[in-house]
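**Student:**
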Amino acid sequence: MKIVTAAQMQALDRRAIAEAHIPGLTLMEQAGTGVVTAMEQAYGSLANKRITILCGKGNNGGDGFVVARLLRRKRARPSVLLLTHPKDLQGDARRMCRRFVAAAGAASIQANPNVDRVQRQLQSADLAVDALLGTGLCSPVSGVYQATIDLLNEISVEKKCPVVAVDLPSGIHADTGRVLGSAVRASLTVTFGLPKIGLYLESGIDHAGQVSIWDIGIPRDYIDSIESRISLMTREDVRRVIPRRLPSAHKGTYGHAAIIAGSIGKSGAAAMAATAALRIGTGLVTVATPTSVNPVLEAKLLEAMTVPMPETNAKTLASSGLEELVSFANARSAVAIGPGLTTHSDTAMLIHALLRRMEKPFVLDADGLNAISEKVILLDTCKTCPILTPHPGEMARLDKTSVQAVNGNRIGTATRFADTHGVILVLKGARTIVAKPDGYVAICPTGNPGMATAGTGDALTGIIVGLLAQQLPPWDAACAGTYLHGLAGDLAAAEFGQVGMLAGDLIARIPCALKQMTHA
């Protein structure tokens, strides 16, 4: 699904009205319907619930009036706070205001309320709807709008009152995700037509909450004509590429993944990557690890195989084992390099030499990335297109910049690096970004803060190499792997909560994520 800027979405709306002759009122009605439907899906029956709708004077406020009118049909108890005078409303927003008044009476709207009135109304609400400011906002919020937003945020936390944002949380820049003065912290954002890029960047991620995308009836060929190199991964995209299980299949059908990983004290990274590769459906998995670590891994892994390799005095993989590792890697379907290898100088030399001779698809992660941080040019010599999976710290080392610079321009950083070095880059973090050399980017909507724990990166490496071993092209493996990794994390968080979940909980729920995808 394409992700668009505010200008692109506004152009789509105008074209639908002018060329497809879809009245603006119809689009607005569809938008309001989407909000109410999403509210029911998220919070159950709305009957008898006190719902405060905060409306601004633009089309976002017009959507809010539709929401209020439709909530009455659901036997909810809506009340509208309009932060302007009704005579200041124009166009479709004014018409929707009149429709609401005709249905509910003039007393159902409180115009130009003071702060005390806003506070009393919000404190009595079971739910709040933010229809204050839309995608056209480009200057800092101030005055009564800022005071109302700050009050809404304070009361929603104090009362645990869910806030539903219409199209975009008010105060968030639609293109950058940055806060313009103050911004609503929504529990749920219902966005219309196509997702806006600001919902997946910077503060937009924290302020949007759960994002629901609602089709308001813009013709499909108009959407297809939009030029966007940024897309949102969807269940349909992932379901389409998940390998099918044939009745005649055997373990060889689903590939053999090689994982080059582990060292003394870091055998867990190798074990988690191997287990994740098996859980994603790989037929066979073998881990190449230092000789001293091999007995530990054999005890930890029942279904995966292990191969002891020459080691340094520090019990890390040694460059003297290069030929053995080359033969091992190129005899498998796909390879993962990096989890728990350490930054030992001799191990780094081994990785440098190994990359030049890799013939199979491979994933480079963790200490594999650290090993090349001073020799990124090695990526240009690879025979196959590698998949790199850095977190922001590793990305900063690869790109010779700061973590702040990476996080301040995640899409730009990922696309530029992928293009320069001919790699597929999975930039981990909130809303993981996957970029490929031709400039296209996919953003992952799954995942949660509970995944900020040791070992989840190793799990991602195992998932991606497992999909590569099952013959998925690198781009599909990177995108599907990232989506399923996040979905498994969401399932684990739903069961254990975000605070205490472990990487092992995520790995154990990979089959559940697959089942959910294939049976949806």
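For the sequence shown, the numbering used here assigns the number 1169 to the initial residue and increments by one for each residue that follows.
Yeah, the Cβ is synthetic: ideal placement off N, Cα and C, and Gly gets one too.
1) Measure the C-alpha to C-alpha separation of A1299 and N1616 and round it to an integer number of angstroms.
2) Measure the beta-carbon distance from A1261 to N1227 and round it to whole angstroms, keeping in mind my assumption that it falls under 8 angstroms.
3) Whose C-beta lies closer than 7 angstroms to the C-beta of K1604 among residues of the same chain, with five residues either side of it excluded?
4) Beta strand (DSSP E) containing L1725: first to last residue?
5) Figure out for me which residue from K1543, T1557, S1513, V1494 has the closest Cα to the Cα of M1526.
6) Is R1245 helix, strand or coil by DSSP?
7) Within the continuous beta strand (DSSP E) that includes V1325, where are the two ends?
8) Around the C-beta of E1326, are 16 or more other C-beta atoms found within 10 angstroms, so that it is buried, or is it exposed?
9) Cα separation between Q1209 and A1236?
10) From the DSSP output, in three-state form, read off K1691 for me.
11) Quick check on the DSSP output: the beta strand (DSSP E) that includes P1476 runs from which residue to which?
12) Rounded C-beta distance between L1595 and T1581? I'm assuming under 8 angstroms.
13) Look at the alpha carbon of T1357 and the alpha carbon of E1187, and state the distance between them as a whole number of angstroms.
14) For C1553, which three-state DSSP category applies?
15) Which residue or residues does DSSP assign as beta-bridge partners of K1170?
16) Any chance the segment 1628-1635 sits against the segment 1437-1450, with 3 or more Cβ pairs inside 8 angstroms?
17) Are M1473 and T1459 touching if we call contact CB-CB under 8 angstroms?
18) Cα separation between S1380 and G1200?
19) Can you give the Cα-Cα distance for P1558 and A1174, rounded to whole angstroms?
20) Suppose you measure from the CA of Q1287 to the CA of L1319; what does that come to, to the nearest Å?
21) From the DSSP output, in three-state form, read off D1606 for me.
22) For A1279 and I1317, which I take to be in contact (beta-carbon distance under 8 angstroms), what is that distance rounded to the nearest angstrom?
23) Below 7 angstroms CB to CB, which residues in the same chain sit around G1377 once its five sequence neighbours on both sides are set aside?
24) Thinking just about the alpha-carbon of each residue, which of P1281, G1423, R1241 is nearest to the one in V1248?
25) From this set, T1549, A1516, A1637, G1508, which residue's C-alpha is nearest G1167's C-alpha?
26) In whole angstroms, what is the alpha-carbon distance linking R1578 and S1310?
27) Does the beta-carbon of Q1291 have 16 or more other beta-carbons within 10 angstroms, so that it is buried, or is it exposed?
28) Is it a yes or a no for the segment 1512-1520 touching the segment 1642-1659, going by three-plus beta-carbon pairs under 8 angstroms?
29) By the DSSP assignment, the beta strand (DSSP E) with P1458 in it spans what residues?
30) Between which residues of its own chain and R1346 is the CB-CB distance below 7 angstroms, once the five residues before and five after are set aside?
31) Residues in the same chain with beta-carbon distance under 6 angstroms from F1664, minus the five sequence neighbours each way, listed in chain order, please.
32) Grab me the residues of A1502's own chain with a C-beta within less than 6 angstroms of its C-beta, minus the 5 sequence neighbours each way, in chain order.
33) What three-state label does DSSP hand L1532 in the structure shown?
34) Is it true that the CB of I1340 sits closer than 8 angstroms to the CB of V1172?
35) Go ahead and label I1545 buried or exposed: buried means 16 or more other beta carbons lie within 10 angstroms of its beta carbon, across all protein chains shown.
36) Name the one or two DSSP bridge partners that V1334 has.
**Tutor:** Here's the rundown:
1) 26 angstroms
2) 6 angstroms
3) Result list for K1604: A1586, I1592, W1643, in chain order.
4) The structure shown does not extend to residue 1725, since the chain is modelled only from 1169 through 1688, so no value can be given for it.
5) Comparing C-alpha distances from M1526 to each of K1543, T1557, S1513, V1494 shows the shortest one belongs to V1494.
6) strand
7) From DSSP, V1325 is part of no beta strand (DSSP E) but of the alpha helix (DSSP H) over 1311-1327.
8) exposed
9) Cα to Cα, the separation comes out at about 17 angstroms.
10) Outside the shown range of the chain, which is 1169 to 1688, sits residue 1691, and nothing can be said about it.
11) 1473-1477
12) 7 angstroms
13) 29 angstroms
14) coil
15) S1399
16) yes
17) In this structure, T1459 does not lie closer than 8 angstroms to M1473 by Cβ.
18) 13 angstroms
19) 30 angstroms
20) 7 angstroms
21) Here D1606 carries a coil assignment [DSSP, helix/strand/coil].
22) Not quite, the Cβ-Cβ distance comes to about 18 angstroms (not below 8 angstroms), so this is no contact.
23) A1354, S1355, L1356, T1357
24) P1281
25) Within the shown structure, residues of the chain are numbered from 1169 to 1688, placing residue 1167 beyond reach of any answer.
26) C-alpha separation (whole angstroms): 29 angstroms.
27) exposed
28) no
29) 1452-1458
30) The beta carbon of R1346 sits closer than 7 angstroms to the beta carbons of E1370, S1371 from its chain, once the five residues preceding and following it are set aside; these are given in chain order.
31) D1673
32) A1425, K1528, P1529, V1633, L1636, A1637
33) L1532 carries a strand assignment under DSSP once its states are collapsed to helix, strand and coil.
34) no
35) I1545 is exposed by the Cβ-count criterion.
36) In the DSSP assignment, V1334 is bridged to V1358.
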